[in-house]
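Undergrad: Quick one: the structure is below, questions incoming.
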């Protein structure tokens, strides 16, 4: 069991975040059109998974905005914002913010993603949500970078995540 903190208090995180060099675990998530998607949906593209608890929190909103800005400069790359938010809420947030360089995906129908990707908050009031993490995959779904953010309110290391994409 991994641990992170929330305002300094420990939170358990189940599963193991994919490590650099590993093949990404399989995933099925739900997009804003209520369609299930997998890694094959993005075949041939590099992927940045910005995994967050909810776009309704300040840090999650900030990281989504920041990755949206950075994504406009990334060739052959898709930025996937993964949370337990309902697709309707994520679509409303991105529409209101004018964010069109990221794609939001939900774990609401596929909670198995959280543990398979090592981001399952558990044994605490945040259970059912994802811990904050970033996983960068190449076009063949090999992990180039992964970060489980140690303090839930902190932003990820954007520079480290994007440095592996050249």
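Residue numbers (the working numbering): 2 to 167. Note that CB positions come from ideal geometry on N, CA and C, so glycine has one too. Just so we're clear, the structure is a prediction, and the values are computed from it rather than from any experiment.
Please list the segments of the beta strand (DSSP E) lying wholly inside the segment 41-71, counting only runs of 3 or more residues, in order along the chain.
TA: 47-52
Undergrad: If you draw a straight line from the alpha carbon of residue 35 to that of residue 86, how long is it in whole angstroms?
TA: 12 Å
Undergrad: Classify residue 44: buried if its beta carbon has 16 or more other beta carbons within 10 angstroms, exposed otherwise.
TA: With fewer than 16 Cβ atoms within 10 Å of its Cβ, residue 44 is classed as exposed.
Undergrad: Start and end of the beta strand (DSSP E) containing residue 93?
TA: Careful: residue 93 lies outside any beta strand (DSSP E), inside the alpha helix (DSSP H) at 88-98.
Undergrad: From residue 102 to residue 143, what does the alpha carbon distance come to, in whole angstroms?
TA: 22 Å
Undergrad: Taking contact to mean at least 3 C-beta pairs separated by less than 8 Å, is the segment 77-86 in contact with the segment 7-17?
TA: Per the Cβ contact rule, the segment 77-86 is not in contact with the segment 7-17 (fewer than 3 Cβ pairs under 8 Å).
Undergrad: Just to confirm, are residue 52 and residue 121 a CB contact at a threshold of 8 Å?
TA: no
Undergrad: For residue 134, does the three-state DSSP call read helix, strand or coil?
TA: DSSP places residue 134 in strand when its eight states are reduced to three.
Undergrad: Taking all protein chains shown into account, do 16 or more other C-beta atoms lie within 10 angstroms of the C-beta of residue 69, making it buried, or fewer, making it exposed?
TA: Within a 10 Å sphere around the beta-carbon of residue 69 sit 16 or more other beta-carbons, which makes this residue buried.
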